[in-house]
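In order, the protein sequence lines correspond to chains A and B.
Quick note, the first sequence lines up with residues 1 to 236 if you use UniProt numbering.
Quick note, the second sequence lines up with residues 1 to 236 if you use UniProt numbering.
Built from N, CA and C at the ideal position, the CB exists for glycine as well.
Given the structure is predicted, the values throughout are model-derived calculations rather than measurements.
A short write-up of the structure that comes next.
Number of protein chains: 2
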Amino acid sequence: MADHTVRAFTEQLEALASSVAQMGGLAEAQLADAIDAIARRDTARAEAVVAGDRKVDELQQQIEEQALRVLALRQPMAVDLRETLAAIKIAGELERIGDLAKNIAKRAIVLNREQPIRLAQSLARMGSQSLAQLKAVLDAYSDRDPDSAELVWKQDGEIDEMYNSLFRELLTYMMEDPRTIGLCTHFLFIAKNVERAGDHCTNIAEVVYHMVTGGHLALERPKGDTTASARIEKKD
Amino acid sequence: MADHTVRAFTEQLEALASSVAQMGGLAEAQLADAIDAIARRDTARAEAVVAGDRKVDELQQQIEEQALRVLALRQPMAVDLRETLAAIKIAGELERIGDLAKNIAKRAIVLNREQPIRLAQSLARMGSQSLAQLKAVLDAYSDRDPDSAELVWKQDGEIDEMYNSLFRELLTYMMEDPRTIGLCTHFLFIAKNVERAGDHCTNIAEVVYHMVTGGHLALERPKGDTTASARIEKKD
Numbered sequence: 001m002a003d004h005t006v007r008a009f010t011e012q013l014e015a016l017a018s019s020v021a022q023m024g025g026l027a028e029a030q031l032a033d034a035i036d037a038i039a040r041r042d043t044a045r046a047e048a049v050v051a052g053d054r055k056v057d058e059l060q061q062q063i064e065e066q067a068l069r070v071l072a073l074r075q076p077m078a079v080d081l082r083e084t085l086a087a088i089k090i091a092g093e094l095e096r097i098g099d100l101a102k103n104i105a106k107r108a109i110v111l112n113r114e115q116p117i118r119l120a121q122s123l124a125r126m127g128s129q130s131l132a133q134l135k136a137v138l139d140a141y142s143d144r145d146p147d148s149a150e151l152v153w154k155q156d157g158e159i160d161e162m163y164n165s166l167f168r169e170l171l172t173y174m175m176e177d178p179r180t181i182g183l184c185t186h187f188l189f190i191a192k193n194v195e196r197a198g199d200h201c202t203n204i205a206e207v208v209y210h211m212v213t214g215g216h217l218a219l220e221r222p223k224g225d226t227t228a229s230a231r232i233e234k235k236d
Numbered sequence: 001m002a003d004h005t006v007r008a009f010t011e012q013l014e015a016l017a018s019s020v021a022q023m024g025g026l027a028e029a030q031l032a033d034a035i036d037a038i039a040r041r042d043t044a045r046a047e048a049v050v051a052g053d054r055k056v057d058e059l060q061q062q063i064e065e066q067a068l069r070v071l072a073l074r075q076p077m078a079v080d081l082r083e084t085l086a087a088i089k090i091a092g093e094l095e096r097i098g099d100l101a102k103n104i105a106k107r108a109i110v111l112n113r114e115q116p117i118r119l120a121q122s123l124a125r126m127g128s129q130s131l132a133q134l135k136a137v138l139d140a141y142s143d144r145d146p147d148s149a150e151l152v153w154k155q156d157g158e159i160d161e162m163y164n165s166l167f168r169e170l171l172t173y174m175m176e177d178p179r180t181i182g183l184c185t186h187f188l189f190i191a192k193n194v195e196r197a198g199d200h201c202t203n204i205a206e207v208v209y210h211m212v213t214g215g216h217l218a219l220e221r222p223k224g225d226t227t228a229s230a231r232i233e234k235k236d
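This is the structure:
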């Protein structure tokens with residue numbers, strides 16, 4: 001951070017970054033708990049995630065107001081301006097991750113009423129990878145480290161591959177036993193939500209990279225969900 | 001817009017708003033074409049949507065840079081500051097809508113290789129509603145009309161209801177004929193993407209409302225996708 005003549009300004013920027021870090025920690029906990037609620041079939045935990053989303057939303061609004069005050073009162077330039085805007089954008093991404101965690105938790109509550117299915121394992125692995133990405137990108141933000149941010153950005157493909165494989169697995173599962181279609185549909189959306197959480201980490205990585213360097217990682221995000229173009233396999 | 005002593009500033013803000021309107025028009029066209037590509041089984045159009053997404057992404061980046069220049073050079077206050085930030089946020093939402101259109105188009109290409117199914121009708125209705133919402137919220141932005149924005153925000157429930165009903169329909173379809181599972185899964189994600197496009201319109205409505213009034217529509221977005229909590233129906 002540049003040396004400011006106005007000490008209060010530095011403090012405001014630090015307070016903003018600290019709010020973002022706090023919100024990041026909360027979003028991470030929400031996502032971890034939502035995934036855990038499936039793996040452990042823990043409905044109480046899932047319900048806590050659903051209830052906890054409001055706190056994530058409140059933090060976002062607080063960060064936006066904080067950032068607007070900095071913009072209005074301090075009129076930051078260059079890297080300080082990018083930091084202020086990065087706070088707004090990252091808070092927006094974290095809010096989405098919070099929404100995804102809430103949606104996963106809602107579906108966990110339904111799944112926990114049903115017989116367990118073996119796919120929960122693949123999902124847990126995908127969840128861990130997505131959480132690792134979130135943790136890494138939040139660290140990159142705190143450390144102002146563009147290289148770590150770029151690494152997160154590049155690694156999104158791994159989650160996408162896991163998703164593609166789980167998607168295939170689920171389709172096979174449904175075709176083999178149509179009674180599981182309702183259940184598998186929930187799993188499908190949970191998996192998609194975990195994959196989307198990974199995309200939001202990629203977005204955050206782009207913001208961090210731009211915040212520190214002023215440059216752009218790329219116009220085109222690395223998107224590896226190939227299921228949209230998947231040929232339809234029929235079992236006749 | 002307030003009377004500015006610096007005419008150039010007013011012009012910059014107007015140019016920014018005009019870029020957002022242009023991007024809005026493009027995102028609307030992309031979504032309309034993607035939905036149309038399914039209804040008319042028009043693969044060439046779907047391919048054009050996939051290729052056209054890059055233009056949407058480029059416009060977003062251009063708007064961000066334009067807004068950053070306004071912030072850095074003009075240091076806007078109050079409503080002007082909110083307008084500048086609104087441009088960044090709306091461009092972000094429009095970029096997501098562009099991504100969704102691209103994803104729908106990719107799935108359309110796959111669907112067009114298969115036998116048509118009757119669900120395309122319900123989907124087309126849902127698509128029209130979503131497009132109407134997008135058009136209305138872009139108008140609310142151009143007119144700086146918080147009441148119209150609030151109306152869009154309130155009407156999101158209609159798309160959600162359509163989605164919930166289509167979701168049920170698709171599940172029944174799959175259970176009745178497991179050979180359609182692959183096909184129906186594509187439809188499921190297309191429907192979800194249309195529903196998400198509606199959510200982004202809701203987000204834009206919140207931004208427009210805040211831009212004009214300085215107030216917030218609500219902390220909690222009106223979310224009507226209840227399928228996350230849907231009980232699983234089994235056919236034994």
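Rounded to whole angstroms, what's the CA-CA distance from Asp-156 of chain B to Ser-18 of chain B? Just pull it up for me. 26 Å
For Tyr-118 of chain A, decide whether its Cβ has a neighbour in chain B, counting only Cβ atoms nearer than 7 Å. Before going further, note that residue 118 of chain A is Arg rather than Tyr in the sequence given. Output row for Arg-118 of chain A: interface = no.
Would you be able to state if there are at least three C-beta pairs under 8 Å between the stretch 184-193 of chain B and the stretch 164-175 of chain B? yes
What residues from chain B crowd round Asp-175 of chain A, counting only those whose CB sits closer than 9 Å? It should be noted that the sequence gives Met, not Asp, for residue 175 of chain A. The answer, in chain order, is Pro-178, Arg-179, Ile-181 and Gly-182.
Check whether the Cβ atoms of Val-207 of chain A and Lys-89 of chain A lie closer than 7 Å to each other. yes
Would you identify the three-state DSSP class for Glu-233 of chain B, choosing helix, strand or coil? With a pLDDT of 46 at Glu-233 of chain B, under the threshold of 50, the predicted position of this residue should be treated as unreliable, and no value is reported.
Taking only beta carbons into account, state which residues of the stretch 19-30 of chain A come closer than 8 Å to chain B, listed in chain order. Listed by position along the chain: nothing, the set is empty.
Just the C-alpha distance for Val-79 of chain B and Gly-198 of chain A, rounded to the nearest angstrom, thanks. 35 Å
Going along chain A in order, which residues have a C-beta closer than 7 Å to the C-beta of Gln-75 of chain B? Gln-75
Keeping to the same chain, check which residues put their C-beta closer than 6 Å to that of Ser-130 of chain B; ignore five residues upstream and five downstream. Ile-159, Val-194, Ala-197 and Gly-198
I want to see whether chain B comes within less than 7 Å of Lys-55 of chain A, judged by CB atoms only; does it? Not an interface residue.
Using beta-carbon positions only, say whether Asn-112 of chain B and Thr-43 of chain B come within less than 7 Å of one another. Taking 7 Å as the Cβ cut-off, Asn-112 of chain B and Thr-43 of chain B qualify as a contacting pair.
Cβ neighbour criterion (16 or more within 10 Å) applied to residue 237 of chain A: Residue numbering for chain A in the displayed model covers 1 to 236; residue 237 of chain A lies beyond these limits and cannot be assessed.
Check Thr-202 of chain A in the structure and name its three-state DSSP category. helix
Inter-residue CB distance, Leu-68 of chain A and Leu-26 of chain A (contact presumed, cutoff 8 Å): That belief does not hold up - the Cβ atoms of Leu-68 of chain A and Leu-26 of chain A are roughly 21 Å apart, past 8 Å.
Beta-carbon spacing of Val-50 of chain A, Gly-98 of chain A below 7 Å: Not in contact: Val-50 of chain A and Gly-98 of chain A (Cβ atoms no closer than 7 Å).
Terminal residues of the alpha helix (DSSP H) in which Asn-164 of chain A lies: 146-176
Tell me where the alpha helix (DSSP H) around Met-77 of chain B begins and ends. Neither: Met-77 of chain B is in no alpha helix (DSSP H) and is coded neither H nor E.
Which whole-angstrom value is the C-beta distance of Ala-21 of chain B and Ser-142 of chain B, which I expect to be below 8 Å? Taking 8 Å as the upper bound for CB-CB distance, Ala-21 of chain B and Ser-142 of chain B are in contact here, some 6 Å apart.
Give me the Cβ distance between residue 248 of chain B and Lys-102 of chain B, rounded to the nearest whole Å; I'm assuming they're in contact under 8 Å. Summary: the structure shown does not reach residue 248 of chain B, with chain B confined to residues 1 through 236, and so no result is reported for it.
Which runs of the alpha helix (DSSP H), 4 residues or longer, sit entirely within the UniProt domain "PhoU" (21-107) of chain A? 43-74
Less than 7 Å between CB atoms is the rule here; does Ala-140 of chain A satisfy it with respect to chain B? no
Would you say the beta carbon of Leu-151 of chain B comes nearer than 6 Å to a heavy atom of the ligand NAD? In the structure on display, the ligand NAD does not appear, and there are no ligands present to speak of.
Would you mind telling me which residues of chain B sit closer than 9 Å to Val-194 of chain A, beta carbon to beta carbon, in chain order? Residues of chain B passing the Cβ test: none, with the nearest at roughly 14 Å.
Closest by CA to Glu-150 of chain B, which one among B:Gln-133, B:Tyr-163, B:Met-162 and B:Glu-161? B:Gln-133
Can you tell me where the alpha helix (DSSP H) with residue 238 of chain B in it begins and where it stops? It is not possible to answer for residue 238 of chain B, since the shown part of chain B is limited to 1 through 236.
Contacts around Ile-109 of chain B, its chain only, beta-carbon distance under 6 Å, and the 5 residues preceding and following it disregarded: Thr-43 and Ala-46
Identify whether Glu-114 of chain A lies in helix, strand or coil by the three-state DSSP scheme. coil
Close Cβ partners of Glu-93 of chain B (< 6 Å) along its chain, the five nearest in sequence each way excluded: His-200, Asn-203 and Ile-204
Do Leu-16 of chain B and Ala-86 of chain B have their C-beta atoms closer together than 7 Å? no
Mind pulling the chain A residues with CB within less than 7 Å of Arg-144 of chain B? What Arg-144 of chain B touches in chain A: nothing, since even the nearest Cβ is about 19 Å away.
Can you list, in chain order, the residues of its chain whose CB lies under 6 Å from that of Arg-82 of chain B, leaving out five sequence neighbours each side? Met-211
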